[in-house]
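If you number the sequence shown the way our numbering does, the last residue is 727 and the count never jumps. Taking it in order: structure first as structure tokens, then the write-up.
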Amino acid sequence: MEEAVRFSEIADCKILVVDDVAVLRTLIKTCLQKAGFTNLHTAESGDETLAIMDDLKPDLIILDIVMPGTDGFEVCRQIRNSPVYGQIPILIQTGMEATQERAEVFEVGANDLISKPINVYELVARVKLQLQNLILQRKEKAYQARMEEELNSARIIQESLLPSSGFVEHVEAESGLQIQHHW
């Protein structure tokens, strides 16, 4: 079965890896590089993440929960409340095992969850899936915009083919006929 989104379409998407532990940032970045992703960036805190959003404009964020300063929950909330960045896929990485804590990850707006210790295959699969969904959403949005534009053009052409009200009045006056409809 052919994939709807080829890997080449997602390989260069901007991925931001956020973790206060340098070894984990490097591990995740290296795993994604080996999988073929080429546009990887890192941040070591929630505050840094929020500060670089406008310049970086990431396509996906892999976000740790427990960090000094602004934690991952709050970063996720702020991104979700942003009219500009609210649709960015966010994968939360966490070592939390409690069901309620894991549920909170989704309540704050995360798209998915990656458990620590990180399983490389799961990480890559989840990143691919989220980016494929993002590309499909972008394609759908572009398709809808194109369809609206084409329908508007067709309406304009169709209306230009119809006789004007002035022409209809002229024909009625000249012929003595009453034209009921001319669409």
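Where a beta carbon is used, it is the ideal one built from N, C-alpha and C, also for glycine.
Identify whether residue i lies in helix, strand or coil by the three-state DSSP scheme.
i           : result
residue 669 : helix
residue 591 : helix
residue 598 : helix
residue 664 : helix
Just curious, the beta strand (DSSP E) that residue i is in, first and last residue?
i           : result
residue 586 : 584-587
residue 605 : 604-608
Comparing alpha-carbon positions, which option in the options lies nearest residue i?
i           : options               : result
residue 550 : 694, 705 and 683      : 683
residue 587 : 579, 578, 572 and 564 : 564
residue 632 : 717, 607 and 661      : 607
residue 617 : 567, 652 and 668      : 652
residue 635 : 648, 604, 647 and 646 : 604
residue 610 : 665, 558 and 639      : 639
residue 556 : 582, 574, 578 and 576 : 582
residue 561 : 714, 600 and 548      : 600
residue 669 : 570, 687, 569 and 575 : 575
On the DSSP letters alone, give me the boundaries of the alpha helix (DSSP H) that residue i sits inside.
i           : result
residue 712 : 709-719
residue 562 : It is not in any alpha helix (DSSP H) - residue 562 instead sits in the beta strand (DSSP E) that spans 559-562.
residue 619 : 616-624
residue 723 : Here residue 723 belongs to no alpha helix (DSSP H), and DSSP marks it neither H nor E.
residue 628 : Segment: none, residue 628 is in no alpha helix (DSSP H) and carries neither H nor E.
residue 567 : 566-578
How would you label residue i, buried or exposed, when you count the other beta carbons within 10 angstroms and need 16 or more for buried?
i           : result
residue 654 : buried
residue 685 : exposed
residue 612 : exposed
residue 661 : exposed
residue 702 : exposed
residue 699 : exposed
residue 695 : exposed
What residue ranges within the segment 631-662 form continuous beta strand (DSSP E) runs of no fewer than 3 residues, ordered along the chain?
Here the runs fully enclosed are 634-638 and 656-659.
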